[in-house]
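First up is the structure itself, then whatever we jot down about it.
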Amino acid sequence: MTNFLYNIHFVYPLGLRHAIHYHILVNPTGRPMKWRAVDWCVKLNNLFTKVKNGGKGSNCSVERIILESPLVQVYRNLQGLVQQNFSHMHLTTSHAAPDMRKTFAKIQERLVLNSPHVVCLGRKTRHQVEDLYDKGREMMENAMRGEVLVENEGDAGDIFEEFEGSALDDIMVELL
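Each residue of the sequence shown is one higher than the one before, starting from 352 at the first, in the numbering used here.
Quick look at the structure:
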């Protein structure tokens with residue numbers, strides 16, 4: 352706590368000081384720019400309390416969890432001390448920084464292999480994507496003329512009926 356107060360008053364720049372004061376940010380990993388909201392740490396602590404130390408049967412009750420909550424924090428602090436003293440820092444709950452290079456390389460291989468953005472005559476597709484832009488434009492033009500598209504399940508074709516008033520709200524609902 353002393354280090355935190357020292358850093359907040361003397362080390363951190365003014366903007367970060369205000370952010371920590373008003374939003375209560377914490378840096379559980381100690382790495383640069385890895386700040387988290389304090390509720391993230393509280394929720395993580397609640398998860399450990401409920402899942403790891405909740406017990407089974409009659410011990411898995413809210414009263415029991417509340418009773419053991421301070422003990423859980425002490426236990427977690429002891430785990431951290433053991434990890435630090437025995438140089439087991441790699442056994443924490445923190446994940447490595449994301450590295451998307453392999454993922455992007457695989458995607459690039461698939462794109463080169465399949466060429467989805469290159470027009471190839473005769474290529475088939477399983478799905479047909481409707482052109483909602485043209486459909487919406489056509490429906491709006493018909494609405495301006497006072498016609499509304501009526502779809503009949505029994506008929507093969509669509510028919511237009513005369514409609515009094517604007518139906519643009521109906522068109523927007525149909526497009527969504």
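All residues carry an ideal CB built from backbone N, CA and C; glycine is no exception. No experiment lies behind these values; they were computed from the predicted model shown.
Query, Result
"Length of the line joining the Cα atoms of residue 418 and residue 465", "59 angstroms"
"Under the three-state DSSP convention, the category residue 387 falls into", "strand"
"Residue from 361, 363, 382 whose Cα sits closest to the Cα of residue 448", "382"
"Distance between beta carbons of residue 386 and residue 378, contact taken as under 8 angstroms", "5 angstroms"
"Residue burial classification, residue 451 (beta-carbon count within 10 angstroms, cutoff 16)", "exposed"
"Reduced DSSP category for residue 424 - H, G, I as helix; E, B as strand; rest coil", "helix"
"Backbone CA spacing between residue 467 and residue 478 [nearest angstrom]", "14 angstroms"
"Residue range of the alpha helix (DSSP H) that includes residue 493", "483–495"
"Same chain only: Cβ atoms within 8 angstroms of residue 424, ignoring 5 sequence neighbours per side", "396"
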